[in-house]
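Trainee: I'd like to ask some things about the structure below.
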Amino acid sequence: MRIARDTHSRTVGLLQAALSVGAALSAACVQPSDAGGGGMGLDAGSEPDASLPKATGFFQVAEVGDRWLLITPDGEPFYSVGVNHVTANNNIDGETGICPYCEAVDSIYETREAWADATSKRLVSWGFNTIGAWSDYERFAPLMPYTRLLAIGAGQSDWFAPEFETHVQAQVEERVVPFKDDPNLIGWFLDNELKWGKDWRNSNTMLEEYLLLEEGSPGREMAEQYEGDHEGFLLALATRYFRVATETIRAADPNHLILGSRASSLSLPPQVPQAAGPYLDVFSVNFYATNPGLFEALDEAWGPLVPIEGWLREHHELSGLPLMATEFSFRSSESDPPNTYPPIYLTFETQEERAAAYDEYVRNCFDARYMVGQHWFEHVDQPVGGRFDGEDNNFGLVTVDDEPYQDFVEPVTVTNLSAPHLTP
């Protein structure tokens, strides 16, 4: 979808018509009555409505007055303004076989440590305060708050089998235990965009998937108890997943938050946030603005899905948890990447219009008092020839030559520095 250049107000108006995948942004926005007052409510630097919890030396999450916030290890309020995929080992161009950003980094910086130091300072200067998923965790861990992504359920065909518990324990011992005492680590993402039902991977429900398992397997036997009730089975499956994952992690690392499994807002059944509520600290959702009518079409084909109107309010109500939008992005044709795949995302003509879309999206996150952060996807543009799966988008804050999009990042900085209780 191409949006012609116009004024800032027209850009926002077009975004309002397209964001929330077909639902007008005016319906999706948190209205003043929902937000607990007009505007953002809690201004950066203002005092909360209630006393903050006592510092623990690690990140916490708490409802402070009438809004949710993260709390720093030192006991200060914190709203996570993050960036995903901050790494020098970036995407390889599918046509050339070259990693253009890797080459740029090696030509500009003496070491990868020098790159990480310069990049962290640049991100902080733009109002970002968190390193998101798929990043160079080791290099950024000493520099700023960050999150880590695990693979708890991915690749595991039977979550009811004892082997699933063995897999989770191995993941925790290898990838969690070494970092359990790191105060800069906000918390753990369990997975990314797991299959919870019909989606782009195939049209099977999870009940149908488990009925295809080997006869006599634990998952098959459980599925047979739910034949004809795919929603009941999904609730049992999601409960099993979240219980095993969180109990195993917390036994080894009681210090850090468990931030959910980064569910796709385009394919999420309501049983998942319902099951997650008793186990997680934060429910995470990858929530992109896409072309009008898409969500309605997917809801009809794959649903019922959790509605996205009200700025993910129903995700919050079903789970009872604060939310984090863990992926979102906008593209501009004023860039080298062709923005051809996937075609579902909004593309603006100029970087200024792209920044206006960012502003509209992020301020709605700020206004939703159950939101504790949003993470932009991603730090660097995808290659012109496409990455491993063909994606070829202007999602970056910087080009593959490590050059910032100044017309984008300058207004983005203004937006970011309006975050509630932002702690750089």
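So for the sequence shown, my numbering puts the first residue at 11; every next one is plus one. Ideal Cβ placement from N, Cα and C applies to all residues, glycine included.
Check whether the region 259-270 touches the region 62-74, taking contact to mean three or more Cβ pairs, one atom from each stretch, closer than 8 Å.
Mentor: Short answer: they touch.
Trainee: Which of the three DSSP states is assigned to Pro87 in this structure?
Mentor: One-based indexing of the sequence shown puts residue 87 at position 77. The answer is strand: DSSP assigns Pro87 an E or B state.
Trainee: Consult DSSP for Ser274 and reduce its assignment to one of helix, strand or coil.
Mentor: Residue mapping note: residue 274 aligns to position 264 of the sequence shown, counting from 1. Here Ser274 sits in strand by DSSP.
Trainee: Three or more C-beta pairs closer than 8 Å, one from the region 391-404 and one from the region 104-120: is that the case here?
Mentor: Yes, since at least three Cβ pairs between the region 391-404 and the region 104-120 fall closer than 8 Å, the two stretches touch.
Trainee: Please list the segments of the beta strand (DSSP E) lying wholly inside the region 348-406, counting only runs of 3 or more residues, in order along the chain.
Mentor: Runs found: 381-386.
Trainee: Can you name the start and end residues of the beta strand (DSSP E) that Leu80 belongs to?
Mentor: To locate residue 80, count along the sequence shown from 1; it is residue 70. It spans Arg77 to Ile81 - the beta strand (DSSP E) in which Leu80 sits, taken as one unbroken run.
Trainee: Rank Pro288, Ser339, Phe398 and Leu247 by C-alpha distance to the C-alpha of Phe297 and give the top, closest one.
Mentor: If you number the sequence shown from 1, residue 297 lands on position 287. Ranking the options by Cα distance to Phe297, first place goes to Ser339.
Trainee: Would the beta-carbon of Ser277 fall within 7 Å of that of Asp201?
Mentor: The residue given as residue 277 occupies position 267 in the sequence shown. The residue given as residue 201 occupies position 191 in the sequence shown. Against a cut-off of 7 Å, the Cβ pair of Asp201 and Ser277 comes out as no contact.
Trainee: Once DSSP output is grouped into helix, strand and coil, what is the label at Pro332?
Mentor: As a position in the sequence shown, residue 332 is number 322, starting the count at 1. Reduced to three states, the DSSP call for Pro332 is coil.
Trainee: Are the Cβ atoms of Phe387 and Asn94 separated by less than 7 Å?
Mentor: The residue given as residue 387 occupies position 377 in the sequence shown. The residue given as residue 94 occupies position 84 in the sequence shown. Yes, the pair counts as a contact, with Cβ atoms nearer than the cut-off.
Trainee: Count the other CB atoms within 10 Å of the CB of Asn99; is the residue buried (16 or more) or exposed (fewer)?
Mentor: Working through the sequence shown from its first residue, we reach residue 99 at position 89. Looking at its Cβ environment, which holds fewer than 16 other Cβ atoms inside 10 Å, Asn99 is exposed.
Trainee: Restricting to Cα atoms, I'd like to know which of Glu73, Val96 and Thr97 is closest to Pro87.
Mentor: Here the question's residue 87 lines up with position 77 in the sequence shown. That would be Glu73, whose Cα lies nearest to the Cα of Pro87.
Trainee: Among Gly85, Gly142, Arg77 and Trp78, which residue has its Cα nearest to the Cα of Lys64?
Mentor: On the sequence shown, residue 64 is found 54 positions in, with the first residue counted as 1. Ranking Gly85, Gly142, Arg77 and Trp78 by Cα distance to Lys64 puts Gly85 first.
Trainee: From Leu79 to Glu175, what distance separates their C-alpha atoms?
Mentor: The sequence position of residue 79 within the sequence shown is 69, counting from 1. The sequence position of residue 175 within the sequence shown is 165, counting from 1. Distance between the alpha carbons of Leu79 and Glu175 is about 32 Å.
Trainee: Measuring only the C-alpha atoms, how far is Leu356 from Glu225?
Mentor: Within the sequence shown, numbered from 1, the residue matching residue 356 stands at position 346. Within the sequence shown, numbered from 1, the residue matching residue 225 stands at position 215. Spanning the two alpha carbons is a distance of roughly 45 Å.
Trainee: Run through the region 244-289 for me and flag every whole alpha helix (DSSP H) of 4 or more residues, listed as ranges in chain order.
Mentor: Entirely contained in the region 244-289, the alpha helix (DSSP H) runs reaching 4 residues are, in chain order, 281-286.
Trainee: Could you spell out where the beta strand (DSSP E) holding Leu156 opens and where it closes?
Mentor: In the sequence shown, counting from the first residue as 1, residue 156 sits at position 146. Note on identity: in this sequence residue 156 is Tyr, with Leu being the wrong assignment. Its beta strand (DSSP E) spans residues Tyr156 to Leu159.
Trainee: Val96 by DSSP, collapsed to three states: which one?
Mentor: Walking along the sequence shown from the start, residue 96 turns up at place 86. Coil, per DSSP.
Trainee: With distances taken from CA atoms, which of Arg260, Tyr371, Thr336 and Gly75 is nearest Val182?
Mentor: For the purposes of this step, residue 182 is taken as the residue at position 172 of the sequence shown. Minimum Cα distance to Val182 is reached at Arg260.
Trainee: Applying the 10 Å Cβ sphere with the 16-neighbour rule, what's the burial state of Ser117?
Mentor: As a position in the sequence shown, residue 117 is number 107, starting the count at 1. Looking at its Cβ environment, which holds fewer than 16 other Cβ atoms inside 10 Å, Ser117 is exposed.
Trainee: Which ranges would you report for the beta strand (DSSP E) in the region 146-204 if only whole runs of at least 3 residues count?
Mentor: Here the runs fully enclosed are 156-159 and 195-199.
Trainee: Should Met154 be counted as a contact of the ligand GTP given a C-beta to heavy atom distance under 6 Å?
Mentor: Inclusion of the ligand GTP in the displayed structure is not the case, the ligand content being empty and no account of it being possible.
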